[in-house]
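Residue numbering for the sequence shown follows the working numbering, beginning at 17 and increasing consecutively.
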Amino acid sequence: MSIRFYRSTSDLGPYSKVAASNIGLSQSGPVLSTSRQETVRSAYLGDDGCYGDGYRASVPQPESLRFAPTSSGAPLRVIHVGTHLLPAGIDQWFNALRRYSNPQKTEFVRYVVTTDLVDQAQVARMQVPVEVGGRDSVRKACEDCDVLLVSDPGANADWFSAVRPPLSVFVAHGDCHWTRERLESMTPVVDHVIAVSRRVQENMCFDVPTTVIHNGVDPQRLTATHPRNTVRQSLGFHDEDFVIGFVGRFSEEKNPAAIIHAVAQLPPQFKALMVGFGHLRCPLMDLANQLIPGRYAFIRGGDNLGNLYSAMDAFTLVSESEGYGLVIMEALMCGKPVIVRPIGFVPEFIENRRNGLIVTGTPESIVAAAQDLANDKSLAESVSQAAHVTAQNHGFASTMAQRFDDLLSTLWEQRSVTSG
17 MSIRFYRSTS DLGPYSKVAA SNIGLSQSGP VLSTSRQETV RSAYLGDDGC
67 YGDGYRASVP QPESLRFAPT SSGAPLRVIH VGTHLLPAGI DQWFNALRRY
117 SNPQKTEFVR YVVTTDLVDQ AQVARMQVPV EVGGRDSVRK ACEDCDVLLV
167 SDPGANADWF SAVRPPLSVF VAHGDCHWTR ERLESMTPVV DHVIAVSRRV
217 QENMCFDVPT TVIHNGVDPQ RLTATHPRNT VRQSLGFHDE DFVIGFVGRF
267 SEEKNPAAII HAVAQLPPQF KALMVGFGHL RCPLMDLANQ LIPGRYAFIR
317 GGDNLGNLYS AMDAFTLVSE SEGYGLVIME ALMCGKPVIV RPIGFVPEFI
367 ENRRNGLIVT GTPESIVAAA QDLANDKSLA ESVSQAAHVT AQNHGFASTM
417 AQRFDDLLST LWEQRSVTSG
């Protein structure tokens, strides 16, 4: 069954402005804006002004979702609850967690979404049942699970207090006031918090038992299937170009415009590759047409980003804040020099000019870093090599999943001892 997107977005935190436009592109495929195609309007509006179509997954009747209590040695039944299912970091985190978890320890039963903000393509990728519902769905999730993972309760924390799950774990993905407010609203019913970086733990998780488990990259997303030169040519770039890349949501807090302004201050061989989606896509295209005509490409991306990372000479992310910054770790794993602000995991793993370049986030700071990499090949090579080593040591989703398995098992054992 097809439904329209959820229109009341006031409780979606940082997604409020991008709720509809996150999936405002035709599902028929990516659209490029290159030097051969200076202006592309790739978003479309439905008759009611809503972007695209949503999707409500078919869900069994409640009676079929009843489970017997977990027996000794059986895997823990885990249900995840969030406000949306869009192409974003949380869905990548969940898919990687499910894929690499030990099925003898952890069974992911379903993914509950508490608004109609659901992308059909994302549902197809989840490989677990997706349930779109409200208070009753949350209550059923609490009854049916051993462990309830909550990434975002929205403005409905009271839904979780009516029926307490055996073990409730809040996953703090963000480093902004939205995460703090959500966590504070959930504190009475949360047993433990998992923070995706040390920065999130220090800034968000006060007076709540917390464990840091860094996010991880699923390397399957990063497989390159075409030669670098072929990909660059398809995007309108040449061998002598220095391509500065961005991957993520086109929204204010990600600050993608800084990259376009930076490229405008650089010589003509510097180009921008903008990979992503969001409500700023068309305004960013207009800005690029105005400031750097013929020197950019916009593309939606998708699950397999290896070809697009391979086309870059450097990756840039200068967001206002990031809980972790998964795309930074993806770029490191692809051996790309990164130009980043001290956000997410950066203060823990990145040392300036050794395995990345740390900047203030202004266009001028990006300009200086890009020129350093373009003009000093030895610096670019050494940073690239160190970046790859950093990702190999700290960036795999399999490590993240193992730590989740171990922590949830430990928390369950502690709960059993306490309740027994």
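Backbone N, C-alpha and C fix where the C-beta goes; we use that ideal spot for every residue, glycine too.
- In this structure N323 touches H242 by the C-beta definition: roughly 5 Å separates them, less than 8 Å.
- For S184, the three-state secondary structure derived from DSSP is strand.
- Contact between the region 268 to 283 and the region 240 to 254 is not established, with fewer than three Cβ pairs separated by less than 8 Å.
- The continuous alpha helix (DSSP H) containing V139 extends over residues Q136 to M142.
- Within 10 angstroms of the beta-carbon of T239 lie fewer than 16 other beta-carbons, which makes it exposed.
- For K287, the beta-bridge partners assigned by DSSP are V259.
- Nearest to G292 by alpha-carbon distance, out of L102, Q401, S117 and P204, is L102.
- Look at Y325 here: in three-state DSSP terms it is helix.
- Boundaries of the alpha helix (DSSP H) harbouring A390: P379 to N391, taken from the DSSP string.
- According to DSSP, residue pairing for R126 in a beta bridge involves I95.
- Counting every other CB atom within 10 Å of its CB across the protein chains shown gives N231 a total of 16 or more, marking it as buried.
- E218: member of the alpha helix (DSSP H) spanning R214 to M220, first to last residue.
- In the three-state reduction of the DSSP assignment, T227 falls in the strand class.
- Taking N368 as the centre and dropping the five residues before and after it, the same chain places the C-beta of I374 closer than 6 Å to its C-beta, in chain order.
- A contact is defined here as three or more CB-CB pairs under 8 Å, and the region 416 to 425 fails this definition with respect to the region 317 to 337.
- Between the beta-carbon of A417 and that of L113 there is about 5 Å, and that keeps the pair under the 8 Å contact cut.
- Taking 8 Å as the cut-off, the Cβ atoms of L164 and R431 do not count as close.
- The beta carbon of C161 lies closer than 6 Å to those of R93, I95 and P181 in the same chain, with the five residues before and after it left out.
- If you draw a straight line from the Cα of N409 to the Cα of A330, it comes to about 21 Å.
- For Y116, the uninterrupted alpha helix (DSSP H) segment begins and ends at G105 to Y116.
- Per DSSP, the beta bridge partners of L164 are I95 and S184.
- Nearest to A173 by C-alpha distance, out of H189, E159, R155 and G190, is R155.
- Distance from the CA atom of N118 to the CA atom of E397, rounded to whole angstroms, is 37 Å.
- Beyond the five residues adjoining it in sequence on each side, R419 comes within less than 6 Å, by CB distance, of I229 in the same chain, given in chain order.
- Collapsing the DSSP output to three states places A330 in a strand.
- Between the region 359 to 368 and the region 296 to 311 there are fewer than three C-beta pairs closer than 8 Å, too few to call the two in contact.
- In this structure, V179 and E147 do not form a Cβ contact; the two beta carbons are roughly 16 Å apart against a cut-off of 8 Å.
- Pairing M290 with F314 gives a Cβ-Cβ distance under 8 Å.
- Shortest Cα-Cα distance from D392 to any of P353, S167 and E338 involves P353.
- When the Cα atoms are used, E338 and Q285 turn out to be separated by approximately 30 Å.
- Contact annotation: G261 and L348 have beta-carbon atoms that are not nearer than 8 Å.
- A140 has its alpha-carbon roughly 30 Å from the corresponding atom of V206.
- The C-beta separation of D168 from T99 comes to about 5 Å, placing the pair in contact by the 8 Å criterion.
- Nearest C-alpha to I382 among Q401, S177, V356 and A402: V356.
- Selection E380, F258, P283 and T378 evaluated against L389 yields F258 as nearest (Cα-Cα).
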